[in-house]
Structure formats: structure tokens, C-alpha cells
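Below is one structure, written out as C-alpha cells, with a few remarks after it.
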Amino acid sequence: MSEAPAAVGEADLHAHSTVSDGTESPARLMQQAAAAGLWGVALTDHDSTSGWAEAAAAVPDTGVVLIPGMELSTREGFMSVHMLAYLVDPLDEGLLAETARIRESRLTRAEEIVRRIGRDYELSWEDVLAQTADGTTIGRPHIADALVARGHVATRSAAFAGILHPRAGYAQPHYAPDPLTGVRLIRAAGGVPVLAHPGTRGAEQVIPPHRLERLVDAGLFGLEVDHPENRADAKPRLRALAERFGLAVTGSSDYHGAGKPNRLGESRTVPEVVERLISEGRGSTPVVP
Ligand code: AMP
Ligand code: FE
Ligand code: FE
Ligand code: ZN
């Protein structure tokens, strides 16, 4: 059980760095959290905790509390489902094995996507590597950046709407465990699981109660209701589900630096929920100034 820092404030519980598909380093992210006036920020790179040390080192200078986290990739059929994992033990063997497997599959999948695109557009694997740092969790955003650098599209978003859209026929999924396995892995690693952006596909596509119940029984902590990409029509349904199952409601920006229009701190989580989340974390602790 983590000791909650003396006075808990508002936190942005979802942000990416160059360790995955964000465009700012972990240290720069902490500086921006200070500029945004945040009490705390969670670093939640895709399937990796390797940005934690750099972010933690920036805590004293920035005065911002770091809540170490990760966004674990899971999949339900063809649908990608992201599970936020806070305060996990970064050395937990189950989680390490699973994230290594996901990152390996992300790599071979990205190579295959680039091979396919390369038949129709001037694009090489080196172009994509030029958009990543050592050990980056690779994803379609890096392929998008390579397409931008080559001049095939103007922005990441344009790449996602066109060449990288599943409709275009180049993209394919990567390996990921199912969401229930994800929740169990996170709890087994001492972490606190929150279903990420569960309303981006609108009210009709919100997880049905019987499936959510299984995640709750396995230890789901909350729903990321206040997220810039959740559709307005989905939010009342999500709030009702949170109420019904006793789940916490979180708010976060899903900041990706220049990679997405989301602004750091544009959605936040209230102190009471941040405090409860911290008190449930057993795998690691927040880093306080
Ligand atoms: P992948 O991890 O390869 O499946 O790619 C999904 C990631 O791409 C998500 O985590 C988002 O951060 C990012 N993404 C999805 N849609 C867009 C978009 N329209 N513009 C920029 N980034 C996006
Ligand atoms: Fe992302
Ligand atoms: Fe996500
Ligand atoms: Zn994210």
C-alpha cells in the first residue's frame, strides 16, 4: 500500500513520451506538466516503463509529482483496447514477459506494414527507424512520421485517416492479450488498472455491462471518462457504468506532444480519485518533489 503524499492535487493521468509515440522526452514532459500547473502527471508510454527514471529525475526541479504508469495494449477480437496500468512493479516477471512479447510483435508488424506500403510509396524501414530512439515502443505513429518526412502526407493525423487506416489495406494488428488477462497482469504486478478512452467509438460501442463486470471482478479500478477523444454521446453511458460498478472516473489528456492535438492537462482527475488510486498501488510509489 502506497502512502499518499501529504496534499494531493489534480493530476493528468495519461501522457506519452519519446519512449513510445510521444514527441517530447520524459524530462521535457515533466517541465511541460509544471508549465500547465499540474500537481501530478502520469507517464504512460505504450507497453514500456523505460521512461520512468528520466521522468523521476526531473521531479525535484519541476516540483511535479510523477505517477509512474504504462498503457498496456490489449485486444478483444479485432478491437484494440488500451489498459492504463498505474504504480506497477516495473520488474514484475509476468508483466515484463508480456510487454516484451507485445513490443516484439509491434516491431515485426511495423516491418510488415512498411513492406506493404513500400510497394506503392517510396518508404523504407530506415525511414521509420529515423523517427524512433533506441528502445522506442514502435507503432503506426512512427510510420506516420516517416510518411510525413517523405512528403506523402502532411501530418500524423492525415496518415491515420489515409494510408494507415485499416481500410487502406496496409495496416494489420499486433499481438496483445485480451483485456481480462491485462487487468489480471496489472493487479498481479501490484498495479491499478483503468480502462483507457472507452468512449472513442461512441455510445453504441461502449463495452457492454456483462463484459465490464468481468473486468471489475478481476480488479478494474476505473474508467477514463474525461478524455478528449471520448465522444460526447458515450460519456453519460460511461458515467452510469462507473456508478453501477463502483468504478472511479478519471480524466486525462493522452498528451503525445506534437503528435496529436491533445494539450497536456486539458482533462484532469480530481484529487480524491488520485489519492484513492495512489493508495491502491502496491508495485511502485509516486515520486514526490
Ligand atoms: P498502434 O499503437 O500502432 O496501434 O497505433 C495507435 C496509436 O496511434 C495510438 O496510441 C495513438 O496514440 C496514435 N493515433 C491514433 N490515431 C491518431 C491520429 N489520428 N493522429 C495521431 N495519432 C494517432
Ligand atoms: Fe499513442
Ligand atoms: Fe490509447
Ligand atoms: Zn495513450
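Residues in the sequence shown are numbered from 858 upward in steps of one, following the numbering used here. Where a beta carbon is used, it is the ideal one built from N, C-alpha and C, also for glycine.
Asked                                                                                                                                        : Found
By DSSP's criteria, A1105 is part of a beta bridge. Which residues make up the other side?                                                   : G1079
Taking the alpha carbon of G1122 as the point to measure from, which residue in H939, R1094, L895 and D918 has its own alpha carbon closest? : L895
Where the beta carbon is closer than 5 Å to any heavy atom of ligand 6, which residues qualify, in chain order?                              : With respect to ligand 6, the structure offers nothing, as its ligand set consists of ligand 1, ligand 2, ligand 3 and ligand 4.
Taking its Cβ as the centre, do 16 or more other Cβ atoms sit within 10 Å of F1078, making it buried, or is it exposed?                      : buried
Under 8 Å Cβ to Cβ from G1047, same chain only, skipping five residues before and after it: list those, please.                              : L944, V945, D946, D949, G1138, R1139, G1140 and S1141
Taking DSSP as the reference, what is the three-state secondary structure of V971?                                                           : helix
Just to check, is the beta-carbon of F840 closer than 6 Å to a non-hydrogen atom of ligand 1?                                                : The shown model of the chain, from 858 to 1146, leaves out residue 840, and the question about it has no answer.
With burial defined as no fewer than 16 other Cβ atoms inside 10 Å of the residue's Cβ, what is the status of E928: buried or exposed?       : buried
Do R972 and ligand 1 come close, with the Cβ less than 6 Å from some heavy atom?                                                             : no
Terminal residues of the continuous beta strand (DSSP E) containing R932?                                                                    : V922 to E933
Name the residue from L980, L1080 and R1088 whose alpha carbon lies nearest to the alpha carbon of T1057.                                    : R1088
Considering G897, what are the terminal residues of the beta strand (DSSP E) in which it resides?                                            : G897 to L900
Taking 6 Å as the line, does the beta carbon of A1053 fall inside it for any heavy atom of ligand 3?                                         : yes
Which same chain residues, not among the five before or five after A1091, have their C-beta less than 6 Å away from its C-beta?              : G1056, G1059, A1060 and V1063
Which residues mark the beginning and the end of the beta strand (DSSP E) in which H871 is found?                                            : A868 to A872
Could you check which residue in G1116, A1033, E955 and A890 has the C-alpha nearest to that of E933?                                        : A1033
Report the rounded CA-to-CA distance for Q988 versus L1021, giving the unit in angstroms.                                                    : 16 Å
Excluding sequence positions up to five away, which residues of its chain have a Cβ less than 6 Å from the Cβ of H939?                       : E928 and A1053
Looking at the structure shown, is P1150 part of a helix, part of a strand, or coil, going by DSSP?                                          : Outside the modelled stretch of the chain, which goes from 858 to 1146, sits residue 1150, for which no answer is possible.
Compare the Cα-Cα distances from E979 to each of V1005, P998 and Q1029 and report the closest residue.                                       : V1005
In chain order, which alpha helix (DSSP H) runs of at least 4 residues are fully inside the stretch 1115-1143?                               : 1128-1137
Grab the span of the alpha helix (DSSP H) containing P917 for me, first residue to last.                                                     : V916 to T919
What would DSSP say about V813, mapped onto helix, strand or coil?                                                                           : Nothing can be reported for residue 813, as the shown portion of the chain is limited to 858 through 1146.
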